[in-house]
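K.L.:
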Amino acid sequence: MTGSPPVAAQVDLRQQPVEDVLERVEQALHVRLDRQALVRRRRSLGGRTDRGTWVRIERRGFEQIGPQGWNGTEAAAVLQGVAMPEWYQGVAWREQGEPVMWRADELELMTSPSVARSALVLDDPGLPDAWWEVLNASLDALAAQRTPRIAAPDTVTITQEQVTQILGESFPGLADTRIERWAPAHADLTWANVMGPEFSVIDWEDWGMAPRGLDAATLWGNALAVPPLADRVQQERRADFESRDGKLMSLFFLSKIVGSLSYEGDPLLAPARKEAKRLVGELQHTPDR
Numbered sequence: 015m016t017g018s019p020p021v022a023a024q025v026d027l028r029q030q031p032v033e034d035v036l037e038r039v040e041q042a043l044h045v046r047l048d049r050q051a052l053v054r055r056r057r058s059l060g061g062r063t064d065r066g067t068w069v070r071i072e073r074r075g076f077e078q079i080g081p082q083g084w085n086g087t088e089a090a091a092v093l094q095g096v097a098m099p100e101w102y103q104g105v106a107w108r109e110q111g112e113p114v115m116w117r118a119d120e121l122e123l124m125t126s127p128s129v130a131r132s133a134l135v136l137d138d139p140g141l142p143d144a145w146w147e148v149l150n151a152s153l154d155a156l157a158a159q160r161t162p163r164i165a166a167p168d169t170v171t172i173t174q175e176q177v178t179q180i181l182g183e184s185f186p187g188l189a190d191t192r193i194e195r196w197a198p199a200h201a202d203l204t205w206a207n208v209m210g211p212e213f214s215v216i217d218w219e220d221w222g223m224a225p226r227g228l229d230a231a232t233l234w235g236n237a238l239a240v241p242p243l244a245d246r247v248q249q250e251r252r253a254d255f256e257s258r259d260g261k262l263m264s265l266f267f268l269s270k271i272v273g274s275l276s277y278e279g280d281p282l283l284a285p286a287r288k289e290a291k292r293l294v295g296e297l298q299h300t301p302d303r
């Protein structure tokens, strides 16, 4: 008999003791981690090493690891023309007695910090034109490649069925949610995962094939509280946003803001509602092709 897969207990690594994990990673990768500068997030850790590299450590339950595995950062090492940290080595292990996997990857240390500490921005970071040029070159290069991997935004594998369900629940006026073009995407292109003023993209664990425009929509949506910045994203990635798939992906992102879990204190809510109304109207008046 087969049943539902076991679900991992929720753990917040910002509160959980992690010294044993750090020691295991150090022994496996033959590095020493700087404890004083350790970055702790809910399900990941990051830190500088004594040889001038960066190590990212993540804990993930079995239910969030699909058949394609969980080596996205390693798999992304073959991508060409994308500004990203070089991958050096990695290690993975199962947490004893729990349906949980740990993974640590040693990467090139980027000289520029993340543009923002969280996914969204509330102030214009004043990025130089060169930053936008490399962003465009990287996203274009990424989209031109092919991979058997399927993107998993928010650790959930993206499918046509999922897109149709989410858009149908949030925007019932949409009659057609078919995706026409799929291409490789980072799948978590937030302002915390892009570096500046020198552009690069980090955290590649969930990249793969996705509907066109997913990355552009994610970056744009997380900039809606800063209209000039959101406008710049739209301008730079105009071809994505003007495509039918790009509009659907914009709504796919907006559904997380204006849907059933929306709250009035969200700085993205008001502009998201305005943009959602515009996009639904445009898609409803787009002739069938």
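Counting in our numbering, the sequence shown runs from 15 upward without gaps. Virtual Cβ for every residue (Gly too), placed ideally from N, Cα, C.
Can we say the stretch 59 to 71 touches the stretch 143 to 151, given the rule of at least three CB pairs closer than 8 angstroms?
P.N.:
As far as the Cβ criterion goes, the stretch 59 to 71 does not touch the stretch 143 to 151, which means the pair count is below three.
K.L.:
May I have the straight-line CA-CA distance separating Ala9 from Ala244, to the nearest angstrom?
P.N.:
No answer is possible for residue 9: the residues shown for the chain start at 15 and end at 303.
K.L.:
Start and end of the beta strand (DSSP E) containing Glu120?
P.N.:
Note, Glu120: beta strand (DSSP E), Val114 to Glu122.
K.L.:
Taking a contact to mean a Cβ-Cβ separation below 8 angstroms, would you say Ala118 touches Val39 in this structure?
P.N.:
Yes, the pair counts as a contact, with Cβ atoms nearer than the cut-off.
K.L.:
Counting only beta-carbon atoms, is Ser257 nearer than 8 angstroms to chain D?
P.N.:
As a matter of chain content, chain D is missing from the structure shown, which is built from one protein chain.
K.L.:
When you compare the stretch 253 to 270 with the stretch 179 to 195, are there three or more beta-carbon pairs, one atom per stretch, that lie closer than 8 angstroms?
P.N.:
Yes, since at least three Cβ pairs between the stretch 253 to 270 and the stretch 179 to 195 fall closer than 8 angstroms, the two stretches touch.
K.L.:
Which word fits Thr232, buried or exposed, when buried means at least 16 other C-beta atoms lie within 10 angstroms of its C-beta?
P.N.:
Thr232 should be labelled buried.
K.L.:
Considering only their Cβ atoms, is the gap separating Gly210 from Ser132 smaller than 8 angstroms?
P.N.:
Cβ distance not < 8 angstroms, so Ser132 and Gly210 don't count as in contact.
K.L.:
Would you grab the beta carbon distance between Arg251 and Ala230 for me? Rounded to a whole angstrom, and I think it's under 8 angstroms.
P.N.:
Indeed, because the Cβ distance is near 4 angstroms, the residues count as touching under 8 angstroms.
K.L.:
Is Ala189 helix, strand or coil by DSSP?
P.N.:
Ala189: coil per DSSP, three-state reduction.
K.L.:
Grab me the residues of Asp137's own chain with a C-beta within less than 8 angstroms of its C-beta, minus the 5 sequence neighbours each way, in chain order.
P.N.:
Within the same chain, Asp137 has close Cβ partners Val240.
K.L.:
Verify whether the separation of the beta carbon atoms of Thr87 and Trp101 is less than 8 angstroms.
P.N.:
Yes.
K.L.:
On the DSSP letters alone, give me the boundaries of the alpha helix (DSSP H) that Ser269 sits inside.
P.N.:
Unbroken alpha helix (DSSP H) run through Ser269: Arg258 to Val272.
K.L.:
Within 10 angstroms of the Cβ of Val92, are there 16 or more other Cβ atoms? Answer buried if so, exposed if not.
P.N.:
With fewer than 16 other Cβ atoms within 10 Å, it is exposed.
K.L.:
Check the DSSP bridge columns for Glu72 and list the partner residues they point to.
P.N.:
For Glu72, which the question treats as bridged, DSSP gives the partners Ser58 and Arg117.
K.L.:
Once you ignore the five residues that flank Arg287 on each side, which residues in its own chain have a CB closer than 6 angstroms to its CB?
P.N.:
Taken in chain order, the residues that qualify are Val272.
K.L.:
Quick one, which of Gln78, Glu37, Gly227 and His44 has its alpha-carbon nearest Leu59's?
P.N.:
The shortest C-alpha separation from Leu59 is found at Glu37.
K.L.:
Please classify Val150 as buried or exposed, where buried requires at least 16 other C-beta atoms within 10 Å of its C-beta.
P.N.:
Val is not the amino acid found at residue 150; the sequence shown has Asn there. Per the 10 Å Cβ criterion, exposed.
K.L.:
So is Asp48 buried or exposed if we call it buried at 16+ other beta carbons inside 10 Å?
P.N.:
Flag for Asp48 reads exposed.
K.L.:
Can you give me the C-alpha to C-alpha distance between Glu175 and Val25, rounded to a whole angstrom?
P.N.:
Cα-Cα distance, rounded: 30 angstroms.
K.L.:
For Ala201 versus Ala253, is the C-beta distance shorter than 8 angstroms?
P.N.:
Not in contact: Ala201 and Ala253 (Cβ atoms no closer than 8 angstroms).
K.L.:
Rank Ile164, Met263, Asp217 and Thr178 by C-alpha distance to the C-alpha of Gln82 and give the top, closest one.
P.N.:
Considering only alpha carbons, the answer is Ile164.
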